[in-house]
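For reference, the structure is listed below as structure tokens.
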Amino acid sequence: MKAVSNGTHREIEVDDDFGRQARSPGALPRDDAIERAHAELTRLKPQLEEHVKLQCQQLEAALLAARARDEKHLVHIADAYAASLSIRDIADSIGHSLVGFIAANLCTIIETADAAHMDYPAAVIDCHCDALRLALSPPYLGKPLRELPELSAGLSQTVRITKAMAERVAAAAAAPPAAKAS
Amino acid sequence: MLDTRNAAINLAGLSFLLVDPNPHASTIVHGILRGFGATRVVEARTPDHAIQVLTDQKIDMMLVDPSLANGRGLAFIRSIRKDPNNPFRTMPILVVTADTRTSTIKAARDCGANMVVAKPMSPASLYERLSWVAFHPRNFVETATYFGPDRRFKIEGLPGGVGRRAGDGQVAIAEEEGPAMSQNEIDSLLQTAR
């Protein structure tokens with residue numbers, strides 16, 4: 000490693016093992032490597048599908064339970080968030096782009112509400128619950144997101160509304176007391 | 000700049016450590032790397048497990064999900080980068096995350112990660128980033144508050160011939176028409192690709 004220092008910072012030239020080996024001859028051609036990776040994902044698909052299916056059931060149950068707005072509401076939302084995180088990381092990679100999109104939206108909505116210390120937007124979450132039930136029904140299961148532009152645009156709009164609400168809540172919280180009173 | 004869009008990368012014999020609390024998400028990355036020809040891929044679910052692996056084995060690249068250990072994944076990367084005695088201090092580290100908010104991407108950059116790969120990832124997007132790390136190595140920079148790859152991507156020229164580095168080249172560009180963008184505006188243009 001070579002290093003050059005100018006007083007405020009030091010710059011170090013690094014030639015790591017990863018770079019040296021990755022640049023060495025004997026590599027699989029790029030397209031072959033990508034094709035083989037897709038084949039690996041196809042091989043893994045049944046086990047991942049089973050997991051996504053189970054997480055979707057848990058997510059749907061948590062969202063339906065959350066509709067009751069009872070004393071366990073926060074627990075149901077936490078359960079929904081955990082299931083959404085798990086689905087978000089995986090679903091799209093195995094071709095369930097609609098379910099993955101809904102889960103990603105739910106993560107964003109819950110994270111946004113938490114960050115703004117505001118109530119979870121019930122109508123927006125209910126809307127995603129309905130969308131999830133639709134996505135899991137036979138005509139929609141496995142349907143790519145690009146074939147459902149109106150649904151995805153509508154759901155995206157509700158996320159934007161949630162973010163706008165959070166910004167208003169944050170601005171109100173940051174306003175001086177006199178401004179709040181008026 | 001070297002065009003590496005079709006460059007092949009040789010992963011045979013390299014060791015990868017995947018640090019992800021979600022075993023199923025980890026399985027996907029593991030499968031993709033094996034498809035690329037990687038022969039040694041180790042998985043860890045917690046920072047403690049990852050440290051144990053790094054103590055026992057030679058690892059050439061690490062991929063970390065920042066949601067690790069209740070959001071302490073980036074702190075884990077920073078702890079490796081800031082320790083002058085850590086043999087893995089300059090190892091390439093990729094952040095793999097489904098959370099692509101600008102604040103998360105900036106935090107990943109500032110903790111010393113080489114690259115951010117958005118989840119869910121496609122084989123092509125991961126290949127492109129591995130290729131970038133291999134063929135465009137960046138110097139490491141050490142300051143009072145940062146140790147990691149140079150966060151400035153090399154530029155080909157600036158208005159008025161003002162270069163930020165001796166190695167920056169000159170290119171013909173149009174006259175300036177308005178105020179320059181602020182760093183925040185520039186940062187907002189840096190998006191991760193799926």
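From first to last, the protein sequence lines are chains A and B.
For the first sequence, position 161 matches number 160 in numbering that gives the first Met the number 0, and the numbering has no gaps at all.
For the second sequence, position 133 matches number 132 in numbering that gives the first Met the number 0, and the numbering has no gaps at all.
A virtual CB, placed ideally from N, CA and C, is assigned to each residue, including glycine.
Proximal chain A residues relative to residue i, where beta-carbon distance stays under 7 Å
i: His48 (chain B); result: Ordered by position in chain A, no residue passes the 7 Å Cβ test against His48 (chain B), which lies about 19 Å from the chain.
i: Thr89 (chain B); result: Val13, Asp15
Test: residue i CB closer than 8 Å to a CB of chain A
i: Gly162 (chain B); result: For Gly162 (chain B), the pLDDT reaches just 49, beneath the cut-off of 50, and the residue's location in the model is therefore unreliable, leaving the point undetermined.
i: Arg33 (chain B); result: yes
i: Gly111 (chain B); result: no
i: Ile8 (chain B); result: yes
i: Ala43 (chain B); result: no
i: Ala68 (chain B); result: no
i: Asp59 (chain B); result: yes
i: Asn85 (chain B); result: no
i: Leu157 (chain B); result: Because the pLDDT at Leu157 (chain B) is just 46, under 50, the model does not fix this residue reliably, and the value given afterwards should be weighed accordingly. Not closer than 8 Å to any Cβ of chain A, the Cβ of Leu157 (chain B) fails to qualify, so no.
i: Leu17 (chain B); result: no
i: Leu73 (chain B); result: no
i: Leu129 (chain B); result: yes
i: Gly147 (chain B); result: no
Residue-level contact to chain B via CB, residue i, 8 Å cutoff
i: Asp118 (chain A); result: no
i: Arg9 (chain A); result: yes
i: Asp129 (chain A); result: no
i: Phe17 (chain A); result: yes
i: Ser151 (chain A); result: no
i: Leu133 (chain A); result: no
i: Glu166 (chain A); result: no
i: Ala72 (chain A); result: Sequence inspection shows His at residue 72 (chain A); the Ala mentioned does not correspond to that position. Taking Cβ atoms only, chain B never reaches closer than 8 Å to His72 (chain A), which makes this a no.
i: Ser136 (chain A); result: no
i: Ser155 (chain A); result: no
i: His50 (chain A); result: yes
i: Ala38 (chain A); result: yes
i: Asp62 (chain A); result: For clarity, residue 62 (chain A) is Leu in the given sequence; the question names Asp instead. Not closer than 8 Å to any Cβ of chain B, the Cβ of Leu62 (chain A) fails to qualify, so no.
Bridge partners - residue i, DSSP secondary structure assignment
i: Phe139 (chain B); result: A:Ile11, B:Pro148
i: Met60 (chain B); result: B:Phe15
i: Val94 (chain B); result: B:Val63, B:Val115
i: Val40 (chain B); result: B:Phe15
i: Val3 (chain A); result: A:Glu10
Residue i vs residue j beta-carbon contact at 8 Å
i: Arg29 (chain A); j: Ala133 (chain B); result: no
i: Arg151 (chain B); j: Gly111 (chain B); result: no
i: Pro86 (chain B); j: Asn113 (chain B); result: no
i: Leu10 (chain B); j: Leu32 (chain B); result: yes
i: Ile108 (chain A); j: Val123 (chain A); result: yes
i: Ala147 (chain B); j: Glu39 (chain A); result: Residue 147 (chain B) is actually Gly in this sequence, not Ala. No, Cβ-Cβ distance for Gly147 (chain B) and Glu39 (chain A) is not below 8 Å.
i: Gly141 (chain A); j: His72 (chain A); result: no
i: Gln51 (chain B); j: Val41 (chain B); result: no
i: Ser14 (chain B); j: Asp59 (chain B); result: yes
i: Thr89 (chain B); j: Ala117 (chain B); result: no
i: Pro65 (chain B); j: Ala107 (chain B); result: yes
i: Glu59 (chain A); j: Leu154 (chain A); result: no
i: Val63 (chain B); j: Gly72 (chain B); result: yes
i: Val13 (chain A); j: Phe75 (chain B); result: no
i: Leu84 (chain A); j: Tyr139 (chain A); result: no
i: Gly30 (chain B); j: Leu43 (chain A); result: yes
i: Ala182 (chain A); j: Gln54 (chain A); result: Nothing about residue 182 (chain A) can be reported from this structure: the residues present for chain A run from 0 to 181 only.
i: His50 (chain A); j: Ala61 (chain A); result: no
i: Asp125 (chain A); j: Arg68 (chain A); result: no
i: Ile89 (chain A); j: Ile27 (chain B); result: yes
Proximal chain A residues relative to residue i, where beta-carbon distance stays under 8 Å
i: Thr101 (chain B); result: Near Thr101 (chain B) there are no residues of chain A at all, since even the closest Cβ is about 13 Å away, more than 8 Å.
i: Gly36 (chain B); result: Ala26, Leu27, Ala32, Arg35
Neighbour list for residue i in chain B, Cβ cutoff strictly below 9 Å
i: Ile89 (chain A); result: Asn21, His23, Ala24, Thr26, Ile27, Lys118, Pro119
Closer than 7 Å: residue i CB and nearest the ligand COA heavy atom
i: Val115 (chain B); result: The ligand COA is not part of the structure shown, which contains no ligands of any sort.
Where residue i meets chain B, residues with beta-carbon distance less than 8 Å
i: Gly252 (chain A); result: This structure cannot speak to residue 252 (chain A), because chain A is shown only from 0 to 181.
i: Ala103 (chain A); result: Ala97
i: Leu43 (chain A); result: Thr26, Ile27, Gly30
i: Leu47 (chain A); result: His23, Thr26, Ile27
Partners in chain A for residue i, counting only beta-carbon separations shorter than 9 Å
i: Val140 (chain B); result: His8, Arg9, Glu10, Ile11
Beta-carbon neighbours of residue i, restricted to chain B and to distances below 7 Å
i: Ile33 (chain A); result: Pro122, Ala123, Tyr126
i: Arg22 (chain A); result: Ala133, Phe134
i: Ser83 (chain A); result: Per Cβ cutoff of 7 Å: no residues; Ser83 (chain A) is ~10 Å from chain B at best.
i: Gly99 (chain A); result: Pro119
Neighbour flag for residue i against chain C, beta carbons, 8 Å
i: Glu146 (chain A); result: Protein chains A and B are contained in the structure displayed, whereas chain C is not.
Enumerated in chain order, which unbroken segments of the alpha helix (DSSP H) with a length of 4 residues or greater are wholly contained in the region 99-135 of chain A? 121-134
Going along the chain, which unbroken runs of the alpha helix (DSSP H) with 4 or more residues stay wholly within the region 134-176 of chain A? 148-173
To test your reading of the DSSP string, which unbroken alpha helix (DSSP H) runs of 4 or more residues are found completely within the region 70-102 of chain A? 72-89
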